[in-house]
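Chemist: Remember, the working numbering sits 1199 above the position in the sequence shown when you count from 1. All residues carry an ideal CB built from backbone N, CA and C; glycine is no exception. All values reported here derive from a predicted model rather than from experimental measurement. Just dropping this structure here.
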Amino acid sequence: MKQESHRRLGRYLIEQLDNQPKRRHAKAFLIGCIEPDRNPFTYLKGSIRAKWFYGHNYQNAQRWIEKTIRRLQNKSSWNLFDYYRLGLVIHYTSDAFTYVHNNCFNEPISEHLAYENQLQQMFFQRMEEFRVRHEARMRDINEVFRNLHDQYLEVSADVHRDCQYILEMTNRVFRQLLPEAAAELA
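What follows is the structure, given as structure tokens:
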């Protein structure tokens, strides 16, 4: 996804809450949502273990996502940095459900950019139509994530599919982890 898509997704997730986080927490979250696209070092994530310079690909970022989700899930109180980390998790979650950020995509960078441009146009439309579903607390959001990603890879790639999976999974992760959203689930 493009940086503007990540920014709008972050704002959208916050706006859907009845119980709003403090302003500084919301800002930290929103910075986390866009920071990986502004930081060239994030493209090194997982390079030793997986694919060199594909740090935003799911296969490179998967371990980091799961570890960070576990840490946030186990915290009883959050600080500013935890809200920032949640923004990072949302960024990498949305990239995980973007066709060009998976190992099945093997086209040149020009095709990658063209796909993300097409995705952004569709994503803004779909975000307006998407309805948040309130779900009960999940014990293992990582298991849900892995299962949904496996399903995602079995379906033919297109921007419609990406939009649906991105909105579904980022909403789930956000609502399961964010303390203000978790209070609404209780």
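Should the region 1268–1288 be called in touch with the region 1323–1333, which here means at least 3 C-beta pairs below 8 Å?
Modeler: No: the two stretches stay apart, fewer than three of their Cβ pairs being nearer than 8 Å.
Chemist: Do you know how far the Cα of residue 1212 is from the Cα of residue 1275?
Modeler: Residue mapping note: residue 1275 aligns to position 76 of the sequence shown, counting from 1. Residue mapping note: residue 1212 aligns to position 13 of the sequence shown, counting from 1. Spanning the two alpha carbons is a distance of roughly 21 Å.
Chemist: Would residue 1341 and residue 1265 qualify as a contact pair, given that the criterion is a beta-carbon distance under 7 Å?
Modeler: Position 142 of the sequence shown holds residue 1341. Position 66 of the sequence shown holds residue 1265. Yes. Within cutoff.
Chemist: Would you tell me roughly how many angstroms separate the C-alpha atoms of residue 1247 and residue 1258, rounded to the nearest one?
Modeler: The count along the sequence shown starts at 1 and reaches residue 1247 at position 48. The count along the sequence shown starts at 1 and reaches residue 1258 at position 59. Confidence is the limiting factor: at residue 1247 the pLDDT is only 46, short of 50, which leaves the residue's position unreliable, though a coordinate-based value still follows. The alpha-carbon atoms of residue 1247 and residue 1258 are separated by roughly 12 Å.
Chemist: Threshold first: 4 residues or longer. Then list the alpha helix (DSSP H) segments lying entirely within the region 1282–1368, N to C.
Modeler: As far as the region 1282–1368 is concerned, its whole alpha helix (DSSP H) runs of at least 4 residues are 1308–1328, 1340–1353.
Chemist: Rounded to the nearest angstrom, how far is the Cβ of residue 1219 from that of residue 1379, given a contact under 8 Å?
Modeler: For the purposes of this step, residue 1219 is identified with residue 20 of the sequence shown, where counting begins at 1. For the purposes of this step, residue 1379 is identified with residue 180 of the sequence shown, where counting begins at 1. Confirmed, Cβ separation roughly 7 Å.
Chemist: Three-state secondary structure (DSSP) at residue 1208?
Modeler: Counting from 1 along the sequence shown, the entry for residue 1208 is found at position 9. Looking at residue 1208 - three-state DSSP - the assignment turns out to be helix.
Chemist: Would you mind sorting residue 1375 into buried or exposed? The rule is 16 or more other CB atoms within 10 Å of its CB.
Modeler: As a working note, residue 1375 is residue 176 in the sequence shown. Counting Cβ neighbours within 10 Å, residue 1375 comes out buried, since at least 16 surround it.
Chemist: How long is the line joining the alpha carbons of residue 1268 and residue 1291, rounded to whole angstroms?
Modeler: Your numbering for residue 1268 matches position 69 in the sequence shown. Your numbering for residue 1291 matches position 92 in the sequence shown. Approximately 11 Å between the Cα atoms of the pair.
Chemist: Name the residue from 1296, 1225, 1334, 1272 whose alpha carbon lies nearest to the alpha carbon of residue 1356.
Modeler: The residue labelled residue 1356 in the question sits at position 157 within the sequence shown. Considering only alpha carbons, the answer is 1296.
Chemist: Less than 8 Å between the CB atoms is what I'm expecting for residue 1279 and residue 1227, so what's the real figure, rounded?
Modeler: Sequence index remark: in the sequence shown, residue 1279 carries index 80 (1-based). Sequence index remark: in the sequence shown, residue 1227 carries index 28 (1-based). Indeed, because the Cβ distance is near 5 Å, the residues count as touching under 8 Å.
Chemist: Provide the residue span of the alpha helix (DSSP H) that contains residue 1217, from first to last.
Modeler: Working through the sequence shown from its first residue, we reach residue 1217 at position 18. Looking at the DSSP string, residue 1217 is not in any alpha helix (DSSP H), and its letter there is neither H nor E.
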